[in-house]
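K.L.:
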Amino acid sequence: MAPPIYPDHKFTWINENQKTTYALFSCIARGDCAQNQTKVVLVSSFDFIIPMEGGYIGGEAIWALSTIKALNNMGYSVLYATNIESALHLYHIYGHLVKMVIASGGDIEQCAGEERCGRTAANPAGIPLWKFFAFHFWSQAAHPLGSKWTLSPEDYHTNSYLGYSIEAQCSRYPFIPHSERKRQAYILAKFLNFFTPEQRVWEPDFFDAAVNATGMSFVMASIELSDMPKLKPGDLSASIENIAPAHAEDVFTQDEFYHVLSHSVALVGVGNPVTSPTPYDALCLGIPFVNPVTSWDENDPTDRTKWSTQHDPLKELSAPYVYHVFKGDRDGFVNAIKSAAENPIESYVLERMKIGSVEYRLGKILEHDWRAQAAELLRAREAGLESGKLFEL
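Using numbering that gives the first Met the number 0, you'd call the opening residue of the sequence shown number 0 and step up by one each time.
(1) Quick one: measure Cβ to Cβ for VAL326 and VAL200, integer angstroms, because I've assumed they're closer than 8 angstroms.
(2) Roughly how many angstroms lie between the CA atoms of GLU113 and GLU350, to the nearest whole one?
(3) For LEU282 and SER261, which I take to be in contact (beta-carbon distance under 8 angstroms), what is that distance rounded to the nearest angstrom?
(4) Answer with buried or exposed for PRO276, where buried requires no fewer than 16 other C-beta atoms within 10 angstroms of its C-beta.
(5) Report the CB separation of PRO203 from ASP234 in whole angstroms; it is logged as a contact under 8 angstroms.
(6) Should LEU89 and LEU96 be called a contact, given that it needs their Cβ atoms to be closer than 7 angstroms?
(7) Please say whether PRO300 and PHE288 have beta carbons closer to each other than 7 angstroms?
(8) Which same chain residues, not among the five before or five after ARG171, have their C-beta less than 8 angstroms away from its C-beta?
(9) Measuring CA to CA, which of SER85, PHE47, ALA22, ASP46 is closest to THR37?
(10) How about GLU166 and ILE344: do their beta carbons lie closer than 7 angstroms?
(11) Near ASP207, which residues of its chain fall below 7 angstroms by C-beta distance, leaving aside the five closest residues on each side in sequence?
(12) Compute the distance between the beta-carbons of ALA184 and VAL333, then report whether it is under 7 angstroms.
(13) Cβ of GLY74 within 7 angstroms of Cβ of ASN35?
(14) Nearest-angstrom Cα distance between GLU52 and ASP302?
(15) Relative to the alpha-carbon of SER346, which residue among ARG370, LEU41, ASP280 has its alpha-carbon at the smallest distance?
(16) Can you check DSSP and say which residues form a bridge with THR308?
(17) I'd like to check one pair, ILE48 with THR81: are the Cβ atoms closer than 7 angstroms?
(18) Does the segment 63-70 come within contact of the segment 357-369, defined as at least 3 CB pairs closer than 8 angstroms?
(19) Given a cut-off of 7 angstroms, decide if ARG180 and VAL264 are closer than it, judged by their beta-carbon atoms.
(20) If we ignore side chains and look at the alpha-carbon of each, how far apart do ILE286 and CYS32 end up?
(21) Quick one: give me the first and last residue of the beta strand (DSSP E) that TYR163 is part of.
(22) Is the beta carbon of HIS323 sitting closer than 7 angstroms to the one on ASN290?
(23) Could you tell me which of TYR155, ILE56, GLU385 sits nearest to GLN253, measuring between CA atoms?
(24) With H, G and I counted as helix, E and B as strand and the rest as coil, what does DSSP make of TYR55?
(25) Can you name the start and end residues of the beta strand (DSSP E) that VAL269 belongs to?
(26) So what does DSSP say about SER151, is it helix, strand or coil?
(27) What first and last residue would you give for the alpha helix (DSSP H) that runs through VAL264?
(28) Kindly indicate the opening and closing residues of the beta strand (DSSP E) around ALA184.
(29) So, helix, strand or coil for SER216, using DSSP?
(30) Report all residues from its chain with a CB closer than 8 angstroms to the CB of PRO312; omit the five preceding and five following residues, and keep chain order.
(31) To the nearest angstrom, report how far apart GLN198 and THR293 are at their CA atoms.
(32) Which of the three DSSP states is assigned to PHE251 in this structure?
(33) Am I right that PHE190 and LEU224 are in contact with their C-beta atoms under 8 angstroms? What's the rounded C-beta distance?
(34) Which term fits GLU240, buried or exposed, when burial requires 16 or more other beta carbons within 10 angstroms of its beta carbon?
(35) I need the DSSP call for ALA111, collapsed to helix, strand or coil.
(36) Could you tell me the alpha carbon to alpha carbon distance between ALA102 and ASP328, rounded to whole angstroms?
Put into C-alpha coordinates, the structure is as follows:
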(Lines of atoms letter the chains of each structure in order from A; the text may use other names.)
(Lines give C-alpha, C1' and ligand atoms only; values in the text may rest on other atoms or scores of the structure.)
Protein backbone atom coordinates (compact mmCIF):
# COMPACT_ATOMS: atom_id res chain seq x y z
CA MET A 0 0.00 0.00 0.00
CA ALA A 1 1.43 3.36 -1.00
CA PRO A 2 1.78 5.90 1.82
CA PRO A 3 -0.56 8.90 1.69
CA ILE A 4 0.86 11.86 -0.19
CA TYR A 5 -0.27 14.34 2.47
CA PRO A 6 -0.20 12.41 5.76
CA ASP A 7 -0.74 15.25 8.24
CA HIS A 8 -3.76 17.41 7.52
CA LYS A 9 -7.41 17.63 8.53
CA PHE A 10 -8.80 16.63 5.14
CA THR A 11 -8.51 12.91 5.86
CA TRP A 12 -10.92 12.01 3.06
CA ILE A 13 -8.14 12.92 0.60
CA ASN A 14 -5.95 10.19 2.08
CA GLU A 15 -8.86 7.75 1.86
CA ASN A 16 -9.33 8.58 -1.81
CA GLN A 17 -5.63 8.08 -2.49
CA LYS A 18 -5.52 4.72 -0.70
CA THR A 19 -8.70 3.48 -2.38
CA THR A 20 -7.52 4.55 -5.84
CA TYR A 21 -4.12 2.91 -5.43
CA ALA A 22 -5.64 -0.32 -4.12
CA LEU A 23 -8.24 -0.44 -6.90
CA PHE A 24 -5.85 0.25 -9.78
CA SER A 25 -3.30 -2.19 -8.35
CA CYS A 26 -5.74 -5.06 -7.97
CA ILE A 27 -7.12 -4.48 -11.48
CA ALA A 28 -3.57 -4.61 -12.86
CA ARG A 29 -2.82 -7.80 -10.91
CA GLY A 30 -6.20 -9.35 -11.61
CA ASP A 31 -6.88 -10.19 -7.97
CA CYS A 32 -9.52 -7.69 -6.82
CA ALA A 33 -11.56 -8.73 -3.81
CA GLN A 34 -15.32 -9.15 -3.86
CA ASN A 35 -17.03 -5.80 -4.64
CA GLN A 36 -13.69 -3.95 -4.88
CA THR A 37 -14.28 -2.97 -8.51
CA LYS A 38 -17.68 -1.51 -7.59
CA VAL A 39 -17.23 2.19 -6.82
CA VAL A 40 -19.55 4.27 -4.66
CA LEU A 41 -19.09 8.05 -4.88
CA VAL A 42 -20.24 9.99 -1.80
CA SER A 43 -20.78 13.65 -2.60
CA SER A 44 -22.86 14.77 0.37
CA PHE A 45 -21.12 16.96 2.95
CA ASP A 46 -22.67 14.75 5.62
CA PHE A 47 -19.84 12.35 4.78
CA ILE A 48 -17.09 14.97 4.65
CA ILE A 49 -17.83 16.89 7.86
CA PRO A 50 -17.12 14.06 10.35
CA MET A 51 -13.86 13.26 8.56
CA GLU A 52 -12.72 16.85 9.11
CA GLY A 53 -13.53 16.81 12.81
CA GLY A 54 -16.82 18.68 12.43
CA TYR A 55 -20.05 18.42 14.38
CA ILE A 56 -21.45 14.89 14.51
CA GLY A 57 -25.18 15.39 14.08
CA GLY A 58 -27.82 12.89 13.02
CA GLU A 59 -26.93 13.04 9.34
CA ALA A 60 -23.23 12.55 10.09
CA ILE A 61 -23.96 9.54 12.31
CA TRP A 62 -25.97 8.04 9.47
CA ALA A 63 -23.16 8.80 7.00
CA LEU A 64 -20.51 7.18 9.19
CA SER A 65 -22.64 4.07 9.53
CA THR A 66 -23.10 3.93 5.75
CA ILE A 67 -19.34 4.18 5.18
CA LYS A 68 -18.68 1.42 7.70
CA ALA A 69 -21.19 -0.85 5.96
CA LEU A 70 -19.68 -0.12 2.53
CA ASN A 71 -16.17 -0.79 3.82
CA ASN A 72 -17.25 -4.01 5.53
CA MET A 73 -18.74 -5.25 2.24
CA GLY A 74 -15.60 -4.35 0.28
CA TYR A 75 -16.94 -1.59 -1.99
CA SER A 76 -14.49 1.11 -3.12
CA VAL A 77 -15.65 4.40 -1.61
CA LEU A 78 -14.49 7.75 -2.99
CA TYR A 79 -15.30 11.13 -1.46
CA ALA A 80 -16.26 14.33 -3.28
CA THR A 81 -16.81 17.73 -1.68
CA ASN A 82 -19.30 18.88 -4.30
CA ILE A 83 -21.13 17.71 -7.38
CA GLU A 84 -18.39 19.00 -9.71
CA SER A 85 -15.81 16.82 -7.94
CA ALA A 86 -18.18 13.86 -8.16
CA LEU A 87 -18.52 14.45 -11.90
CA HIS A 88 -14.74 14.44 -12.35
CA LEU A 89 -14.48 11.16 -10.44
CA TYR A 90 -17.29 9.71 -12.51
CA HIS A 91 -15.42 10.61 -15.71
CA ILE A 92 -12.46 8.59 -14.41
CA TYR A 93 -14.31 5.52 -13.11
CA GLY A 94 -17.30 5.48 -15.48
CA HIS A 95 -18.97 2.09 -15.65
CA LEU A 96 -17.33 1.01 -12.37
CA VAL A 97 -19.52 3.46 -10.46
CA LYS A 98 -22.50 1.66 -8.91
CA MET A 99 -23.95 4.62 -7.06
CA VAL A 100 -23.47 8.35 -6.47
CA ILE A 101 -24.80 9.49 -3.09
CA ALA A 102 -25.57 13.21 -2.94
CA SER A 103 -28.04 15.69 -1.51
CA GLY A 104 -31.33 16.13 -3.31
CA GLY A 105 -30.42 19.71 -4.18
CA ASP A 106 -27.13 18.68 -5.78
CA ILE A 107 -28.85 15.99 -7.80
CA GLU A 108 -31.37 18.52 -9.11
CA GLN A 109 -28.48 20.87 -9.93
CA CYS A 110 -26.58 18.20 -11.86
CA ALA A 111 -29.67 17.08 -13.76
CA GLY A 112 -30.21 20.66 -14.91
CA GLU A 113 -26.64 21.35 -16.03
CA GLU A 114 -25.57 20.50 -19.56
CA ARG A 115 -22.10 19.29 -18.54
CA CYS A 116 -23.14 17.27 -15.48
CA GLY A 117 -26.14 15.04 -16.02
CA ARG A 118 -26.34 12.48 -18.81
CA THR A 119 -28.20 13.71 -21.90
CA ALA A 120 -28.23 12.77 -25.56
CA ALA A 121 -25.71 15.56 -26.14
CA ASN A 122 -23.62 14.57 -23.11
CA PRO A 123 -23.40 10.77 -22.87
CA ALA A 124 -20.44 11.12 -20.47
CA GLY A 125 -22.65 12.76 -17.84
CA ILE A 126 -23.83 11.00 -14.69
CA PRO A 127 -27.03 9.02 -15.35
CA LEU A 128 -29.86 10.20 -13.13
CA TRP A 129 -30.64 6.62 -12.10
CA LYS A 130 -27.16 6.20 -10.58
CA PHE A 131 -27.80 9.09 -8.20
CA PHE A 132 -29.31 8.45 -4.77
CA ALA A 133 -30.46 11.27 -2.51
CA PHE A 134 -29.17 11.09 1.07
CA HIS A 135 -32.19 12.53 2.84
CA PHE A 136 -32.96 12.41 6.58
CA TRP A 137 -36.70 13.05 6.27
CA SER A 138 -39.69 11.17 4.87
CA GLN A 139 -40.44 13.02 1.63
CA ALA A 140 -38.87 12.14 -1.72
CA ALA A 141 -35.78 14.23 -2.60
CA HIS A 142 -34.90 12.88 -6.05
CA PRO A 143 -36.20 13.72 -9.55
CA LEU A 144 -37.01 10.03 -10.06
CA GLY A 145 -38.96 9.81 -6.82
CA SER A 146 -38.94 8.01 -3.51
CA LYS A 147 -37.19 4.80 -4.58
CA TRP A 148 -34.05 6.80 -5.36
CA THR A 149 -34.24 8.56 -1.97
CA LEU A 150 -32.31 6.89 0.85
CA SER A 151 -33.76 7.23 4.36
CA PRO A 152 -32.36 6.63 7.85
CA GLU A 153 -35.72 5.35 9.12
CA ASP A 154 -38.36 3.09 7.62
CA TYR A 155 -40.84 5.73 6.51
CA HIS A 156 -42.58 3.16 4.25
CA THR A 157 -42.06 5.51 1.31
CA ASN A 158 -38.37 5.92 0.42
CA SER A 159 -35.64 3.28 0.15
CA TYR A 160 -34.91 2.35 3.74
CA LEU A 161 -31.17 2.20 4.36
CA GLY A 162 -31.07 2.88 8.09
CA TYR A 163 -27.99 3.12 10.26
CA SER A 164 -26.22 1.52 13.18
CA ILE A 165 -25.05 3.26 16.35
CA GLU A 166 -23.04 0.24 17.53
CA ALA A 167 -19.64 1.65 16.56
CA GLN A 168 -20.39 5.01 18.17
CA CYS A 169 -21.80 3.41 21.31
CA SER A 170 -18.84 1.05 21.70
CA ARG A 171 -16.50 4.02 22.08
CA TYR A 172 -17.94 4.70 25.53
CA PRO A 173 -18.02 2.33 28.52
CA PHE A 174 -21.26 0.97 29.91
CA ILE A 175 -21.54 2.53 33.35
CA PRO A 176 -22.87 0.11 35.99
CA HIS A 177 -26.18 1.39 37.32
CA SER A 178 -24.80 1.42 40.85
CA GLU A 179 -22.21 3.99 39.75
CA ARG A 180 -24.59 6.36 37.95
CA LYS A 181 -25.93 9.62 39.24
CA ARG A 182 -29.62 9.89 40.08
CA GLN A 183 -30.13 12.18 37.15
CA ALA A 184 -32.16 12.32 33.97
CA TYR A 185 -30.68 13.90 30.87
CA ILE A 186 -33.02 16.19 28.92
CA LEU A 187 -32.74 15.93 25.14
CA ALA A 188 -33.00 19.62 24.21
CA LYS A 189 -30.48 21.31 21.94
CA PHE A 190 -32.10 24.75 22.14
CA LEU A 191 -33.72 26.72 24.95
CA ASN A 192 -36.63 27.81 22.79
CA PHE A 193 -37.98 24.25 23.11
CA PHE A 194 -39.15 25.35 26.57
CA THR A 195 -41.21 28.36 25.49
CA PRO A 196 -44.98 28.08 26.13
CA GLU A 197 -45.56 27.77 22.39
CA GLN A 198 -43.26 24.75 22.00
CA ARG A 199 -43.01 22.93 25.31
CA VAL A 200 -44.73 19.60 25.95
CA TRP A 201 -44.04 19.55 29.71
CA GLU A 202 -44.97 22.41 32.02
CA PRO A 203 -42.15 23.63 34.29
CA ASP A 204 -43.82 22.21 37.40
CA PHE A 205 -43.67 18.69 35.89
CA PHE A 206 -39.93 18.65 36.51
CA ASP A 207 -40.37 19.99 40.04
CA ALA A 208 -42.95 17.29 40.78
CA ALA A 209 -40.63 14.58 39.47
CA VAL A 210 -37.76 15.83 41.63
CA ASN A 211 -39.98 15.87 44.71
CA ALA A 212 -41.30 12.36 44.00
CA THR A 213 -38.00 10.69 43.10
CA GLY A 214 -35.12 12.75 44.45
CA MET A 215 -33.75 12.80 40.90
CA SER A 216 -32.07 15.76 39.23
CA PHE A 217 -32.41 16.98 35.64
CA VAL A 218 -29.50 18.12 33.47
CA MET A 219 -29.24 19.30 29.88
CA ALA A 220 -26.90 21.11 27.51
CA SER A 221 -29.13 23.63 25.76
CA ILE A 222 -28.14 26.88 24.08
CA GLU A 223 -30.02 30.02 23.14
CA LEU A 224 -30.15 30.98 19.48
CA SER A 225 -30.18 34.67 18.67
CA ASP A 226 -32.94 34.33 16.07
CA MET A 227 -35.25 32.25 18.27
CA PRO A 228 -37.81 33.35 20.91
CA LYS A 229 -36.22 34.02 24.29
CA LEU A 230 -37.27 32.37 27.52
CA LYS A 231 -39.15 34.46 30.04
CA PRO A 232 -38.94 34.11 33.83
CA GLY A 233 -40.76 30.97 34.84
CA ASP A 234 -40.51 29.25 31.45
CA LEU A 235 -37.75 26.95 32.66
CA SER A 236 -38.01 24.90 35.84
CA ALA A 237 -35.48 25.74 38.55
CA SER A 238 -35.04 21.98 38.93
CA ILE A 239 -33.18 21.81 35.61
CA GLU A 240 -29.42 22.38 35.51
CA ASN A 241 -28.14 23.61 32.16
CA ILE A 242 -24.52 22.54 31.73
CA ALA A 243 -24.06 23.96 28.23
CA PRO A 244 -21.21 26.44 27.69
CA ALA A 245 -22.20 30.04 28.35
CA HIS A 246 -21.36 31.01 24.78
CA ALA A 247 -22.81 29.13 21.81
CA GLU A 248 -19.46 29.15 20.03
CA ASP A 249 -17.98 27.09 22.90
CA VAL A 250 -19.15 23.68 21.75
CA PHE A 251 -20.31 21.04 24.23
CA THR A 252 -18.10 18.30 22.84
CA GLN A 253 -19.32 14.87 21.86
CA ASP A 254 -17.18 13.19 24.51
CA GLU A 255 -18.58 15.52 27.17
CA PHE A 256 -22.11 14.77 26.01
CA TYR A 257 -21.67 11.00 26.12
CA HIS A 258 -19.98 11.17 29.51
CA VAL A 259 -22.96 12.97 31.04
CA LEU A 260 -25.49 10.83 29.19
CA SER A 261 -23.85 7.52 30.14
CA HIS A 262 -23.97 8.46 33.84
CA SER A 263 -27.73 9.14 33.68
CA VAL A 264 -30.65 6.80 34.38
CA ALA A 265 -33.14 8.27 31.91
CA LEU A 266 -33.29 10.37 28.74
CA VAL A 267 -36.22 12.79 28.61
CA GLY A 268 -37.63 14.12 25.35
CA VAL A 269 -39.23 17.56 25.17
CA GLY A 270 -40.85 17.31 21.73
CA ASN A 271 -37.80 18.37 19.70
CA PRO A 272 -35.54 17.43 17.98
CA VAL A 273 -37.62 14.79 16.23
CA THR A 274 -36.22 11.41 15.19
CA SER A 275 -32.82 12.12 16.71
CA PRO A 276 -30.26 9.28 17.00
CA THR A 277 -29.75 10.12 20.70
CA PRO A 278 -32.53 7.84 22.03
CA TYR A 279 -30.86 4.92 20.22
CA ASP A 280 -27.54 5.89 21.81
CA ALA A 281 -29.24 6.02 25.18
CA LEU A 282 -30.75 2.55 24.83
CA CYS A 283 -27.35 1.18 23.82
CA LEU A 284 -25.89 2.74 26.97
CA GLY A 285 -28.65 1.24 29.13
CA ILE A 286 -30.77 4.38 29.43
CA PRO A 287 -34.56 4.33 28.81
CA PHE A 288 -36.23 7.13 26.87
CA VAL A 289 -39.28 9.18 27.86
CA ASN A 290 -41.01 9.82 24.53
CA PRO A 291 -43.59 12.65 24.41
CA VAL A 292 -46.83 11.83 22.59
CA THR A 293 -47.93 15.15 21.11
CA SER A 294 -51.14 14.09 19.33
CA TRP A 295 -53.40 11.03 19.40
CA ASP A 296 -56.90 9.72 18.71
CA GLU A 297 -59.06 11.11 21.52
CA ASN A 298 -61.50 8.21 21.05
CA ASP A 299 -58.78 5.57 21.27
CA PRO A 300 -55.63 6.95 22.94
CA THR A 301 -54.02 3.50 22.94
CA ASP A 302 -53.94 3.30 19.12
CA ARG A 303 -50.26 3.92 18.46
CA THR A 304 -50.79 4.15 14.71
CA LYS A 305 -52.56 7.46 15.36
CA TRP A 306 -49.85 8.83 17.63
CA SER A 307 -47.49 11.62 16.72
CA THR A 308 -44.45 11.51 18.99
CA GLN A 309 -41.01 13.03 19.25
CA HIS A 310 -39.56 9.74 18.04
CA ASP A 311 -42.12 7.84 15.96
CA PRO A 312 -39.75 4.97 15.02
CA LEU A 313 -39.70 4.02 18.73
CA LYS A 314 -43.48 3.78 19.04
CA GLU A 315 -43.14 0.00 18.77
CA LEU A 316 -41.20 -0.23 22.05
CA SER A 317 -42.64 -0.03 25.55
CA ALA A 318 -41.36 0.06 29.13
CA PRO A 319 -38.78 -0.56 30.43
CA TYR A 320 -37.09 0.72 27.25
CA VAL A 321 -39.38 3.51 26.12
CA TYR A 322 -41.99 5.32 28.22
CA HIS A 323 -44.61 7.03 26.07
CA VAL A 324 -46.22 9.95 27.92
CA PHE A 325 -49.05 12.10 26.59
CA LYS A 326 -48.48 15.82 26.44
CA GLY A 327 -49.91 17.50 29.51
CA ASP A 328 -50.00 14.32 31.63
CA ARG A 329 -48.15 15.36 34.75
CA ASP A 330 -48.75 12.11 36.66
CA GLY A 331 -47.69 10.09 33.63
CA PHE A 332 -44.49 12.12 33.38
CA VAL A 333 -43.61 11.68 37.05
CA ASN A 334 -44.41 7.95 36.95
CA ALA A 335 -42.26 7.48 33.85
CA ILE A 336 -39.25 9.12 35.51
CA LYS A 337 -39.82 7.05 38.65
CA SER A 338 -40.20 3.78 36.72
CA ALA A 339 -37.13 4.46 34.59
CA ALA A 340 -35.05 4.98 37.73
CA GLU A 341 -36.43 1.89 39.45
CA ASN A 342 -36.20 -0.47 36.47
CA PRO A 343 -32.69 -0.17 34.99
CA ILE A 344 -32.01 -1.77 31.62
CA GLU A 345 -28.99 -3.36 30.06
CA SER A 346 -27.56 -2.28 26.72
CA TYR A 347 -30.21 -2.62 24.01
CA VAL A 348 -29.83 -2.27 20.25
CA LEU A 349 -32.75 -2.81 17.90
CA GLU A 350 -32.12 -5.61 15.40
CA ARG A 351 -32.72 -3.26 12.48
CA MET A 352 -29.96 -0.97 13.80
CA LYS A 353 -27.23 -3.58 13.95
CA ILE A 354 -24.54 -3.18 11.31
CA GLY A 355 -25.34 -6.57 9.80
CA SER A 356 -28.90 -5.42 9.12
CA VAL A 357 -27.62 -2.21 7.53
CA GLU A 358 -25.26 -4.19 5.30
CA TYR A 359 -28.10 -6.47 4.21
CA ARG A 360 -30.35 -3.57 3.19
CA LEU A 361 -27.51 -1.63 1.56
CA GLY A 362 -26.43 -4.69 -0.40
CA LYS A 363 -29.94 -5.16 -1.78
CA ILE A 364 -30.07 -1.50 -2.81
CA LEU A 365 -26.66 -1.58 -4.49
CA GLU A 366 -27.28 -4.79 -6.42
CA HIS A 367 -30.78 -3.90 -7.62
CA ASP A 368 -31.17 -3.25 -11.36
CA TRP A 369 -31.88 0.46 -11.14
CA ARG A 370 -31.37 1.04 -14.85
CA ALA A 371 -34.19 -1.35 -15.64
CA GLN A 372 -36.43 0.30 -13.08
CA ALA A 373 -35.55 3.74 -14.45
CA ALA A 374 -36.36 2.52 -17.98
CA GLU A 375 -39.79 1.40 -16.77
CA LEU A 376 -40.35 4.78 -15.12
CA LEU A 377 -39.23 6.58 -18.29
CA ARG A 378 -41.73 4.63 -20.39
CA ALA A 379 -44.49 5.53 -17.94
CA ARG A 380 -43.56 9.22 -18.12
CA GLU A 381 -43.41 9.15 -21.91
CA ALA A 382 -46.88 7.61 -21.96
CA GLY A 383 -48.23 10.24 -19.57
CA LEU A 384 -48.89 7.63 -16.87
CA GLU A 385 -46.36 9.22 -14.48
CA SER A 386 -45.58 12.87 -13.93
CA GLY A 387 -42.02 14.17 -14.08
CA LYS A 388 -39.37 15.26 -16.53
CA LEU A 389 -37.97 12.90 -19.13
CA PHE A 390 -34.35 11.83 -18.76
CA GLU A 391 -31.62 9.95 -20.58
CA LEU A 392 -30.77 6.40 -19.54
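For every residue, glycine included, the Cβ atom is placed at its ideal position computed from N, Cα and C.
Predicted, not measured: the structure shown is a model, and the values here were computed from it.
P.N.:
This is what the structure holds:
(1) Numbered from its first residue, the sequence shown carries residue 326 at position 327. Numbered from its first residue, the sequence shown carries residue 200 at position 201. Looking at the sequence shown, residue 326 is not Val but Lys. With 8 angstroms as the limit, LYS326 and VAL200 qualify as a contact, their Cβ atoms being about 5 angstroms apart.
(2) Taking the sequence shown and counting its residues from 1, one reaches residue 113 at position 114. Taking the sequence shown and counting its residues from 1, one reaches residue 350 at position 351. Cα-Cα distance, rounded: 42 angstroms.
(3) If you number the sequence shown from 1, residue 282 lands on position 283. If you number the sequence shown from 1, residue 261 lands on position 262. The Cβ separation is near 12 angstroms, so there is no contact.
(4) If you number the sequence shown from 1, residue 276 lands on position 277. Per the 10 Å Cβ criterion, buried.
(5) Translated into the one-based positions of the sequence shown, residue 203 becomes position 204. Translated into the one-based positions of the sequence shown, residue 234 becomes position 235. Confirmed, about 7 angstroms.
(6) The sequence position of residue 89 within the sequence shown is 90, counting from 1. The sequence position of residue 96 within the sequence shown is 97, counting from 1. Cβ atoms of LEU89 and LEU96: not closer than 7 angstroms.
(7) Within the sequence shown, numbered from 1, the residue matching residue 288 stands at position 289. Within the sequence shown, numbered from 1, the residue matching residue 300 stands at position 301. No, the Cβ-Cβ distance between PHE288 and PRO300 is not below 7 angstroms.
(8) As a working note, residue 171 is residue 172 in the sequence shown. Correct list, in chain order: TYR257.
(9) For this step, residue 37 is matched to residue 38 along the sequence shown. Of SER85, PHE47, ALA22, ASP46, the residue nearest in Cα terms is ALA22.
(10) Counting from one through the sequence shown, the residue named residue 166 turns up at place 167. Counting from one through the sequence shown, the residue named residue 344 turns up at place 345. Their beta carbons are not under 7 angstroms apart, which means GLU166 does not touch ILE344 by this criterion.
(11) Residue numbering aside, residue 207 sits at position 208 when the sequence shown is read from its first letter. Taken in chain order, the residues that qualify are SER236, SER238.
(12) Against the sequence shown, residue 184 aligns to sequence position 185. Against the sequence shown, residue 333 aligns to sequence position 334. It is not a contact, given that the beta carbons lie outside the stated cut-off.
(13) By 1-based counting over the sequence shown, the position of residue 74 is 75. By 1-based counting over the sequence shown, the position of residue 35 is 36. Yes, the pair counts as a contact, with Cβ atoms nearer than the cut-off.
(14) Taking the sequence shown and counting its residues from 1, the one referred to as residue 52 is at position 53. Taking the sequence shown and counting its residues from 1, the one referred to as residue 302 is at position 303. Their backbone Cα atoms lie some 45 angstroms apart in a straight line.
(15) Stepping through the sequence shown from its first residue, residue 346 is reached at position 347. The residue with the shortest Cα to Cα distance from SER346 is ASP280.
(16) Within the sequence shown, numbered from 1, the residue matching residue 308 stands at position 309. Paired residues: VAL292.
(17) Residue 81 sits at position 82 when you count from the first residue of the sequence shown. Residue 48 sits at position 49 when you count from the first residue of the sequence shown. Yes, they are a contact pair.
(18) yes
(19) Indexing the sequence shown from 1 puts residue 264 at position 265. Indexing the sequence shown from 1 puts residue 180 at position 181. For VAL264 and ARG180, yes; Cβs fall inside 7 angstroms.
(20) The sequence position of residue 286 within the sequence shown is 287, counting from 1. The sequence position of residue 32 within the sequence shown is 33, counting from 1. If you take the alpha carbons of ILE286 and CYS32, they lie about 44 angstroms apart.
(21) The sequence position of residue 163 within the sequence shown is 164, counting from 1. Looking at the DSSP string, TYR163 is not in any beta strand (DSSP E), and its letter there is neither H nor E.
(22) Walking along the sequence shown from the start, residue 323 turns up at place 324. Walking along the sequence shown from the start, residue 290 turns up at place 291. Taking 7 angstroms as the Cβ cut-off, HIS323 and ASN290 qualify as a contacting pair.
(23) Looking up residue 253 in the sequence shown gives position 254. Nearest of TYR155, ILE56, GLU385 to GLN253, Cα basis: ILE56.
(24) The residue labelled residue 55 in the question sits at position 56 within the sequence shown. Three-state result, TYR55: coil.
(25) Along the sequence shown, read from residue 1 onward, the residue named residue 269 stands at position 270. First-last for VAL269: undefined, no H or E at that position.
(26) Reading the sequence shown from its first residue, position 152 is the one you call residue 151. Three-state result, SER151: strand.
(27) For the purposes of this step, residue 264 is taken as residue 265 along the sequence shown, with counting starting at 1. Element bounds for VAL264: n/a, residue is neither H nor E.
(28) Taking the sequence shown and counting its residues from 1, one reaches residue 184 at position 185. Counting along the chain, the beta strand (DSSP E) containing ALA184 begins and ends at 183-187.
(29) As a working mapping, residue 216 is identified with position 217 in the sequence shown. Here SER216 sits in strand by DSSP.
(30) The residue you call residue 312 lines up with position 313 of the sequence shown. So the list reads GLU153, ASP154, THR274, once near-sequence residues are dropped.
(31) By one-based count along the sequence shown, residue 198 stands at place 199. By one-based count along the sequence shown, residue 293 stands at place 294. Those two C-alpha atoms are separated by around 11 angstroms.
(32) Sequence index remark: in the sequence shown, residue 251 carries index 252 (1-based). Note: PHE251 maps to coil in three-state DSSP.
(33) Within the sequence shown, numbered from 1, the residue matching residue 190 stands at position 191. Within the sequence shown, numbered from 1, the residue matching residue 224 stands at position 225. That belief holds up - the Cβ atoms of PHE190 and LEU224 are roughly 6 angstroms apart, short of 8 angstroms.
(34) In the sequence shown, the residue the question calls residue 240 occupies position 241. So GLU240 counts as exposed.
(35) Numbered from its first residue, the sequence shown carries residue 111 at position 112. Here ALA111 sits in helix by DSSP.
(36) In the sequence shown, residue 102 corresponds to position 103, counting from 1. In the sequence shown, residue 328 corresponds to position 329, counting from 1. Roughly 42 angstroms between the two C-alpha positions.
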